[in-house]
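The block underneath contains the structure these notes are about, expressed in structure tokens.
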Amino acid sequence: MNENFTPLECEDDVVLIGKDSFKVCRLKEVIEEEIRNKLQQHIYEYTSLYPGVSMVEIFRKLSIGQKKINLMEIQHNYVTDCQILRVGGYGWQKGQLKMKICISVINHNQNELSLEFCPDEPTEQESLMDEICKIIQSET
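The opening residue of the sequence shown carries number 376 in the working numbering; numbering runs sequentially from there.
This is the structure in structure tokens:
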């Protein structure tokens, strides 16, 4: 597999993850909702009688020695196997989906999510370009 991840910019491309398929625009919505729900879940300590706190609240209280550190954002990177069906493409293409998530603790309207795809096999155009480069290099 090559490591050339490219952004999924067409909102109408379809991504297949396991048995579930989503348009890119819907997949972004599902991921954002899932992350938001996970971060809002409360964690309870069995030794405490106090109500639980969310993951964000736990990380807000980060300190190193005497120094308190303010949490500004949380970044997640996930990579999973998938298949993609591109608008105008020639069928399903296997590869890896990279999800980059940046969550602003201060302003939830500034959260960022990007999806990138890396095919397991290079496209015909990439293969042709590689072949041309090899020919040129061998002639020089």
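No residue lacks a Cβ here, since even glycine has one placed at the ideal position from N, Cα and C.
Distance check for residue j and residue i, CA to CA, integer angstroms please.
i: L406; j: M474; result: Leu is not the amino acid found at residue 406; the sequence shown has Ile there. Rounded to the nearest angstrom, the two C-alpha atoms are 9 Å apart.
i: G393; j: L402; result: 13 Å
i: F492; j: K398; result: 14 Å
i: P382; j: P494; result: 12 Å
i: G466; j: D395; result: 17 Å
i: I478; j: R411; result: 9 Å
i: E404; j: S489; result: 11 Å
i: V454; j: E408; result: 18 Å
i: G464; j: E487; result: 27 Å
i: Q415; j: N445; result: 18 Å
i: V390; j: G440; result: 45 Å
i: Q485; j: Q512; result: 47 Å
Would DSSP call residue i helix, strand or coil?
i: M376; result: Note that M376 scores 47 on pLDDT, short of 50, meaning its location in the model is unreliable and no value can be drawn from it.
i: N452; result: strand
i: L414; result: helix
i: E386; result: coil
i: K469; result: strand
i: V462; result: coil
i: E491; result: strand
i: I481; result: coil
i: N437; result: Correcting the residue identity first, residue 437 is Leu in this sequence and not Asn. Of the three classes helix, strand and coil, the one that applies to L437 here is coil, per DSSP.
Contact defined as beta carbons within less than 8 Å: I believe residue i pairs with residue j. What is the distance between those atoms, to the nearest angstrom?
i: I459; j: Q471; result: I459 to Q471, Cβ: 10 Å. No contact.
i: T480; j: V431; result: In the sequence as presented, Thr is not what sits at residue 480; that position holds Val. Correct: roughly 6 Å between the Cβ atoms.
i: H451; j: I476; result: 4 Å
i: C400; j: R461; result: The Cβ separation is near 14 Å, so there is no contact.
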